[in-house]
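A.B. asks: Sequences listed follow chains B and H, in order. Just so we're aligned, residue 1 is where the first sequence starts under our numbering, counting upward by one. Just so we're aligned, residue 1001 is where the second sequence starts under our numbering, counting upward by one. Think of the CB as a built atom: it goes at the ideal place given N, C-alpha and C, for glycine as much as any other residue.
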Amino acid sequence: MPVLGHQADGVVTAGVGSVPDRVVVVGASAAGLATAESLRRLGYEGEITLVGNEPHLPYDRPPLSKQILTGELDPDGLLLRGRADLDALGLDLRLGETATGVDLPGRTVTLASGTTVGYDALVVATGARARRLPGTEGVRGVHVLRTLEDALTLRERLRPGRRLVVVGAGFIGAEVAAAARGLGLLVTMLEPAQVPLAHAVGAAVGRTLTRAHRDHGVDLRTGVTVDGVLSRGGEVTGVRLSDGSEVAGQDVVVGIGSRPNTEWLAGSGLPLDDGLVCDEHCMAAPRVYAAGDVARWHNPLFGATMRIEHRTNAAEQGLAVARNLLGARRPFAPVPYFWSDQYDLKIQAYGHLRGHDKVEIVDGDLDSRRFLAAYRNGDHLAGVVAVNTPPKTVRAWRSAIATRQPWSAAVGNTRASA
Amino acid sequence: MQVAVNVPKCVASGQCVLIAPEVFDQRDDDGMVVLLDDSPAPEYHDGVREAALVCPSSAIRLTES
Chain B
1 MPVLGHQADG VVTAGVGSVP DRVVVVGASA AGLATAESLR RLGYEGEITL VGNEPHLPYD
61 RPPLSKQILT GELDPDGLLL RGRADLDALG LDLRLGETAT GVDLPGRTVT LASGTTVGYD
121 ALVVATGARA RRLPGTEGVR GVHVLRTLED ALTLRERLRP GRRLVVVGAG FIGAEVAAAA
181 RGLGLLVTML EPAQVPLAHA VGAAVGRTLT RAHRDHGVDL RTGVTVDGVL SRGGEVTGVR
241 LSDGSEVAGQ DVVVGIGSRP NTEWLAGSGL PLDDGLVCDE HCMAAPRVYA AGDVARWHNP
301 LFGATMRIEH RTNAAEQGLA VARNLLGARR PFAPVPYFWS DQYDLKIQAY GHLRGHDKVE
361 IVDGDLDSRR FLAAYRNGDH LAGVVAVNTP PKTVRAWRSA IATRQPWSAA VGNTRASA
Chain H
1001 MQVAVNVPKC VASGQCVLIA PEVFDQRDDD GMVVLLDDSP APEYHDGVRE AALVCPSSAI
1061 RLTES
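1. So P1056 (chain H) contacts chain B; which residues on that side make the cut at Cβ distance below 7 Å?
2. Using 8 Å as the threshold, is the C-beta distance between T126 (chain B) and T110 (chain B) below it?
3. Using beta carbons (cut-off 8 Å, strictly below), is Q1026 (chain H) in contact with chain C?
4. Among all the DSSP beta bridges, which residues are the ones paired with I48 (chain B)?
5. Taking buried to mean at least 16 other C-beta atoms within 10 Å of its own C-beta, is E263 (chain B) buried or exposed?
6. With DSSP collapsed to three states, give me the class of A1052 (chain H).
7. Are the beta-carbon atoms belonging to V1054 (chain H) and A315 (chain B) less than 8 Å from one another?
8. Taking only the alpha-carbon atoms, compute the straight-line gap between W297 (chain B) and Q250 (chain B) and give it to the nearest angstrom.
9. List the endpoints of the continuous beta strand (DSSP E) containing N377 (chain B).
10. Looking at the unbroken alpha helix (DSSP H) that takes in S38 (chain B), where does it start and where does it end?
11. By DSSP, does N324 (chain B) sit in helix, in strand, or in coil?
12. Output, in chain order, the set of chain H residues within a Cβ distance shorter than 9 Å of P331 (chain B).
13. So, for E47 (chain B): in the same chain, excluding its five sequence neighbours on each side, which residues have a beta-carbon less than 6 Å away from its beta-carbon?
14. Using a 10 Å radius around the Cβ and a threshold of 16 neighbouring Cβ atoms, would you call R214 (chain B) buried or exposed?
15. Going straight from the alpha carbon of E97 (chain B) to that of G318 (chain B), what length do you get?
16. Quick check: is any heavy atom of the ligand ADP less than 7 Å from the C-beta of G27 (chain B)?
17. Taking the alpha helix (DSSP H) that F1024 (chain H) falls in, what are its first and last residues?
18. Residues of chain B with CB under 8 Å from S978 (chain H), in chain order?
19. Mind checking if V1023 (chain H) is an interface residue toward chain B, Cβ cutoff 8 Å exclusive?
20. Verify the CB distance criterion: does V394 (chain B) have a CB-CB separation below 8 Å to chain H?
21. Starting from the Cα of L197 (chain B), find the closest Cα among B:T222, B:G217, B:T188 and B:L186 and give me that residue.
22. Can you name the residues of chain B whose CB is closer than 8 Å to the CB of E1050 (chain H)?
23. With V167 (chain B) and V226 (chain B) assumed to form a contact (beta carbons below 8 Å), what rounded beta-carbon distance in angstroms separates them?
24. If we cut at 8 Å on Cβ distances, does V1017 (chain H) have a partner in chain B?
25. Distance, Cα to Cα, L1036 (chain H) vs G238 (chain B)?
26. Does the beta-carbon distance from A285 (chain B) to L104 (chain B) come in below 8 Å?
27. Would you mind telling me which residues of chain B sit closer than 7 Å to G1047 (chain H), beta carbon to beta carbon, in chain order?
28. Quick check on DSSP: helix, strand or coil for H143 (chain B)?
29. Answer yes or no: does any C-beta atom of chain H fall closer than 8 Å to that of P390 (chain B)?
30. Identify whether D9 (chain B) lies in helix, strand or coil by the three-state DSSP scheme.
31. Strictly below 8 Å CB to CB, what residues from chain B border L1036 (chain H)?
32. Examine the Cβ distances between the region 329-338 of chain B and the region 358-375 of chain B and report whether three or more of them are shorter than 8 Å.
33. DSSP three-state call for Y337 (chain B): helix, strand or coil?
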């Protein structure tokens, strides 16, 4: 096998550190494309097969719940790379093909069309799919938001004066509600928790985001559970709550989380547990790696196993996998990042907020909607949520997270300098 | 290498500034990208390529010469 010249920082072990002749990447969205593109940038000249189950060229998903709904962006603006850039990568690109199984000993991936593709190294980047409400299949007007088709179907129906019910006040639900209000719809948002997003960002920040919805005319109802959808003639008319009451709506958007696409790996021998389980090198088994929403890997920076469904992570992890495929053996230890645009709120989050012990507002204040909240986990600063905060301030905090600053030092320092 | 940024697409994540501060900055008021150098020196090319790759809104375009 050819061995690259610049893998000096890796420990080469048989079957792991040697460079594969043929890489198969399953999943042609942000993570899969980043892996393929990074391999080429790092000088890899072997064969790369990129398999994607959607017919489209690789495209970007975050705008689906934002600018695509508002019409600020057309589908053409979503493409991650133009045709010419993709062609230049020299990929064996198989779009509209679904992988249905993997044979580890035989080193082959089976596609729905019946063909098999052999690999020396496999990258699983099959992402996640939106969870649906049971019993809603085939009911017109019930939407999830994951694919371009989902977004375009919803956009067609978002007309001024129509009634929209949003199930789930997480980030997708919140962004859809904000976009729909901007388009002049009547929006009811239903959330089982008492405070939306409290599990992710804490109650105080969650309440601030809640107030923003109410100030913008969203009828947000918390502590309510949706039992099912109501329909007439195959068209949705609303939802029924667990207390028996009903909420009318001509469209229902379901934003209740997602599930990793790992079913095709069942029985393969690969470790599955809410994602494909990987070590700190994003390796699930010899010759098998994972990147993006589907990967559950050990992040040594936080000493925690995580699965991150955010756009930036998909690209960073794809790059990390490409490096490790070529022998770098470098742990993937990023500071997770996501952003959300809702009304006039620009929300940015860095770090690992889940399971935090304490939240403190260290800059600005909640009422002004310009603030920075710091999250403590044990003795460390684990993350921050910044709302409408200047970039230099945010970057200083991000760097404190990346260097694992003790809580006392991180909070004390920035206060002294503020 | 020629670098171009699409400011309307930018989402102010600041990832590019973290990776290649010699080439990218952010506006103070809204965090949008500011291109400091549209033909950076070779020692910055790897950083610029990585910034273009991880930019969450694909707002950085490169033309390799």
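C.D. replies: Well, looking at it:
1. For the purposes of this step, residue 1056 (chain H) is taken as residue 56 along the second sequence, with counting starting at 1. Chain B residues near P1056 (chain H): P62, R311 and T312.
2. Residue mapping note: residue 126 (chain B) aligns to position 126 of the first sequence, counting from 1. Residue mapping note: residue 110 (chain B) aligns to position 110 of the first sequence, counting from 1. Contact: no.
3. Among the protein chains of the structure shown, namely B and H, there is no chain C.
4. Start at 1 with the first residue of the first sequence, and residue 48 (chain B) comes out as number 48. DSSP lists B:V23 as partners of I48 (chain B).
5. By one-based count along the first sequence, residue 263 (chain B) stands at place 263. That one is exposed.
6. Mapped onto the second sequence, residue 1052 (chain H) falls at position 52. Reduced to three states, the DSSP call for A1052 (chain H) is helix.
7. The sequence position of residue 1054 (chain H) within the second sequence is 54, counting from 1. The sequence position of residue 315 (chain B) within the first sequence is 315, counting from 1. For the 8 Å CB-CB criterion, V1054 (chain H) and A315 (chain B) form a contact.
8. As a working mapping, residue 297 (chain B) is identified with position 297 in the first sequence. As a working mapping, residue 250 (chain B) is identified with position 250 in the first sequence. Cα to Cα, the separation comes out at about 41 Å.
9. Residue 377 (chain B) sits at position 377 when you count from the first residue of the first sequence. R370 to N377 is the extent of the beta strand (DSSP E) around N377 (chain B).
10. As a first step, residue 38 (chain B) is located in the first sequence; it is residue number 38 there, counting from the start. A30 to R41 is the extent of the alpha helix (DSSP H) around S38 (chain B).
11. As a working mapping, residue 324 (chain B) is identified with position 324 in the first sequence. Annotated three-state conformation of N324 (chain B) is helix, per DSSP.
12. Taking the first sequence and counting its residues from 1, the one referred to as residue 331 (chain B) is at position 331. Under the 9 Å cutoff, chain H gives no residues; its nearest Cβ is about 17 Å from P331 (chain B).
13. By 1-based counting over the first sequence, the position of residue 47 (chain B) is 47. Cβ within range, chain order: R22.
14. Taking the first residue of the first sequence as position 1, residue 214 (chain B) is located at position 214. R214 (chain B) counts as exposed, since fewer than 16 other C-beta atoms from the protein chains shown sit within 10 angstroms of its C-beta.
15. Your numbering for residue 97 (chain B) matches position 97 in the first sequence. Your numbering for residue 318 (chain B) matches position 318 in the first sequence. About 20 Å.
16. No copy of the ligand ADP appears in this structure; indeed no ligand is present at all.
17. By 1-based counting over the second sequence, the position of residue 1024 (chain H) is 24. Counting along the chain, F1024 (chain H) falls outside any alpha helix (DSSP H), though it belongs to the beta strand (DSSP E) covering F1024 to Q1026.
18. Any question about residue 978 (chain H) goes unanswered here, given that chain H covers just 1001 to 1065.
19. Locating residue 1023 (chain H) in the second sequence gives position 23, counting from the first residue. V1023 (chain H) does not count as touching chain B.
20. Start at 1 with the first residue of the first sequence, and residue 394 (chain B) comes out as number 394. Closer than 8 Å to some Cβ of chain H, the Cβ of V394 (chain B) qualifies, so yes.
21. Numbered from its first residue, the first sequence carries residue 197 (chain B) at position 197. Closest option to L197 (chain B), Cα to Cα, is B:T222.
22. Locating residue 1050 (chain H) in the second sequence gives position 50, where the first residue counts as 1. Neighbours of E1050 (chain H) across chain B, judged by C-beta separation under 8 Å: L319.
23. Position 167 of the first sequence, counted from the first residue, corresponds to residue 167 (chain B). Position 226 of the first sequence, counted from the first residue, corresponds to residue 226 (chain B). Between the beta-carbon of V167 (chain B) and that of V226 (chain B) there is about 5 Å, and that keeps the pair under the 8 Å contact cut.
24. The sequence position of residue 1017 (chain H) within the second sequence is 17, counting from 1. Cβ-Cβ to chain B under 8 Å: yes for V1017 (chain H).
25. Here residue 1036 (chain H) refers to the residue found at position 36 when the second sequence is read from its first residue. Here residue 238 (chain B) refers to the residue found at position 238 when the first sequence is read from its first residue. Roughly 52 Å separates the two Cα atoms.
26. Here residue 285 (chain B) refers to the residue found at position 285 when the first sequence is read from its first residue. Here residue 104 (chain B) refers to the residue found at position 104 when the first sequence is read from its first residue. A contact, by the Cβ cut-off of 8 Å.
27. Here residue 1047 (chain H) is taken as the residue at index 47 of the second sequence, counted from 1. The contacting residues do not exist; G1047 (chain H) stays about 12 Å from chain B at best.
28. Along the first sequence, one-based indexing puts residue 143 (chain B) at 143. Reduced to three states, the DSSP call for H143 (chain B) is strand.
29. Along the first sequence, one-based indexing puts residue 390 (chain B) at 390. By the rule that beta-carbons nearer than 8 Å mark a contact, P390 (chain B) touches chain H.
30. One-based indexing of the first sequence puts residue 9 (chain B) at position 9. Only weak support is given to the placement of D9 (chain B): the predicted model assigns it a pLDDT of 39, under 50, and the value that follows is read from those uncertain coordinates. Judged by DSSP in its simplified three-state form, D9 (chain B) adopts coil rather than helix or strand.
31. Here the question's residue 1036 (chain H) lines up with position 36 in the second sequence. Within chain B, no residue comes near L1036 (chain H); the closest Cβ sits about 14 Å away, beyond 8 Å.
32. Verdict: no, contact absent.
33. Taking the first sequence and counting its residues from 1, one reaches residue 337 (chain B) at position 337. Y337 (chain B): strand per DSSP, three-state reduction.
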